[in-house]
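Working notes, structure below.
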Amino acid sequence: MFDLQTARGAPLSDGPSGQERSRLALLAVVACVVLLVDAVSKHLAVVELSERSPVELVDGVLTLRLVRNSGAAFGFASGLTVVFTAVAVFVVVVILRAARRLHSTAWAAALGLVLGGALGNLLDRIFREPGVFRGRVVDFLELPHWPVVNLADSAIVAGGALLVVLSLRGVRHDGQHAGGE
-9 MFDLQTARGA PLSDGPSGQE RSRLALLAVV ACVVLLVDAV SKHLAVVELS
41 ERSPVELVDG VLTLRLVRNS GAAFGFASGL TVVFTAVAVF VVVVILRAAR
91 RLHSTAWAAA LGLVLGGALG NLLDRIFREP GVFRGRVVDF LELPHWPVVN
141 LADSAIVAGG ALLVVLSLRG VRHDGQHAGG E
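Per our numbering: the sequence shown = residues -9 to 171.
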């Protein structure tokens, strides 16, 4: 029976291989680190910045300014919290489903960044005021000529940029190069 399975290319076990588990672990660790750092930074921002004027950290380059955002990343489409909550849930589900087929370490890291960032902002939308699934995301990092953002936004953008670079270089999520190289 085992000879027939291996002859047809079928795995002898249903579980993921050691390499697949390590890529899943990488995705999970990156997502958890992003989620934890984002949650702690937002908590500190709310505690430290709620009752004070903006704090300039780096002369004219970085300011800490507490903003509650009901839109998407970078202040886009404010007031559409329910829509962005649904989009975030969809993104999380898609990444979790795709994770089972990951054979690229770089894709695992990139998707971990996006997943952690999406979960960080999703938790704000679910649990923060004004209510469940209508909550505003805490933003607090302000750069010149740029909307106020948070670390989850930054992780989503960094992960998305890495996914674009991987795609442009022909690296697929299955670890192969496009064109069969």
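Glycine residues also receive a C-beta, built at the ideal position from the N, C-alpha and C atoms. Being a predicted model, the structure only gives us computed values, none of them experimental.
Going along the chain, which residues of its own chain have a beta-carbon closer than 6 Å to the beta-carbon of Ile85, five neighbours each way excluded?
-> Translated into the one-based positions of the sequence shown, residue 85 becomes position 95. For Ile85, where only same-chain residues beyond five positions count, the Cβ hits under 6 Å are Leu101 and Leu105.
Please look up how many angstroms separate the CB atoms of Asp114 and Arg126, rounded, as I've assumed it's under 8 Å.
-> Translated into the one-based positions of the sequence shown, residue 114 becomes position 124. Translated into the one-based positions of the sequence shown, residue 126 becomes position 136. 7 Å between Cβ atoms; contact.
Best match in Leu52, Val81 and Ala29 for proximity to Pro134 [C-alpha to C-alpha] = For the purposes of this step, residue 134 is taken as the residue at position 144 of the sequence shown. Pro134 has its Cα closest to that of Leu52, out of Leu52, Val81 and Ala29.
State the Cα-Cα distance for the pair Ala76 and Arg11, rounded to the nearest angstrom.
-> Numbered from its first residue, the sequence shown carries residue 76 at position 86. Numbered from its first residue, the sequence shown carries residue 11 at position 21. Ala76 and Arg11: Cα-Cα distance of roughly 29 Å.
Applying the criterion that 16 or more other CB atoms from any shown protein chain within 10 Å of the CB defines a buried residue, is Glu132 buried or exposed?
-> Here residue 132 is taken as the residue at index 142 of the sequence shown, counted from 1. Result: buried.
Where does Ala99 sit, in a helix, a strand or coil, going by DSSP?
-> Working through the sequence shown from its first residue, we reach residue 99 at position 109. It is helical.
In angstroms, rounded to a whole number, what distance separates the CA positions of Val122 and Ser68?
-> Position 132 of the sequence shown holds residue 122. Position 78 of the sequence shown holds residue 68. Using only the alpha carbons, I get a separation of about 17 Å.
Which residue comes first and which comes last in the alpha helix (DSSP H) that contains Arg11?
-> Position 21 of the sequence shown, counting from 1, holds the residue named residue 11. First-last of the alpha helix (DSSP H) with Arg11: Gly8 to Leu39.
Whole-angstrom Cβ separation of Leu25 and Gly110, contact assumed at under 8 Å?
-> In the sequence shown, the residue the question calls residue 25 occupies position 35. In the sequence shown, the residue the question calls residue 110 occupies position 120. The distance from the Cβ of Leu25 to that of Gly110 is about 5 Å, consistent with a contact at the 8 Å cut-off.
Span separating the alpha-carbon of Glu171 from that of Asp129 = As a first step, residue 171 is located in the sequence shown; it is residue number 181 there, counting from the start. As a first step, residue 129 is located in the sequence shown; it is residue number 139 there, counting from the start. Only weak support exists for where Glu171 lies, its pLDDT of 46 falling under 50; the value from the coordinates is given anyway. Their Cα atoms are separated by approximately 43 Å.
Does the distance from the C-beta atom of Asp164 to that of Ser60 stay below 9 Å?
-> The residue given as residue 164 occupies position 174 in the sequence shown. The residue given as residue 60 occupies position 70 in the sequence shown. Contact flag unset, no.
Using DSSP bridges, identify the partner residues of Val127.
-> Within the sequence shown, the letter at position 137 stands for residue 127. Beta-bridge pairing by DSSP links Val127 to Asn59.
Would the beta-carbon of Ser43 fall within 9 Å of that of Leu141?
-> Counting from one through the sequence shown, the residue named residue 43 turns up at place 53. Counting from one through the sequence shown, the residue named residue 141 turns up at place 151. Their beta carbons are not under 9 Å apart, which means Ser43 does not touch Leu141 by this criterion.
State the Cα-Cα distance for the pair Val23 and Ala151, rounded to the nearest angstrom.
-> For this step, residue 23 is matched to residue 33 along the sequence shown. For this step, residue 151 is matched to residue 161 along the sequence shown. Rounded to whole angstroms, Val23 to Ala151 spans 19 Å at the Cα level.
Closer than 7 Å by C-beta to Val27: which residues in its own chain qualify, once you throw out the five before and the five after it? Chain order, please.
-> By one-based count along the sequence shown, residue 27 stands at place 37. Excluding residues within five positions, the ones whose Cβ falls inside 7 Å are Leu141.
Is DSSP giving Leu70 helix, strand or coil here?
-> For the purposes of this step, residue 70 is identified with residue 80 of the sequence shown, where counting begins at 1. Coil at Leu70, not helix or strand.
Measuring alpha carbon to alpha carbon, tell me which of Leu39, Leu47 and Trp97 ends up nearest Ala18.
-> As a first step, residue 18 must be located in the sequence shown, where it is residue number 28. Nearest of Leu39, Leu47 and Trp97 to Ala18, Cα basis: Trp97.
Tell me, which residues are paired with Val161 by DSSP?
-> Against the sequence shown, residue 161 aligns to sequence position 171. DSSP lists His167 as partners of Val161.
Host beta strand (DSSP E) of Val48 (start-end) = If you number the sequence shown from 1, residue 48 lands on position 58. Residues Val45 to Val48.
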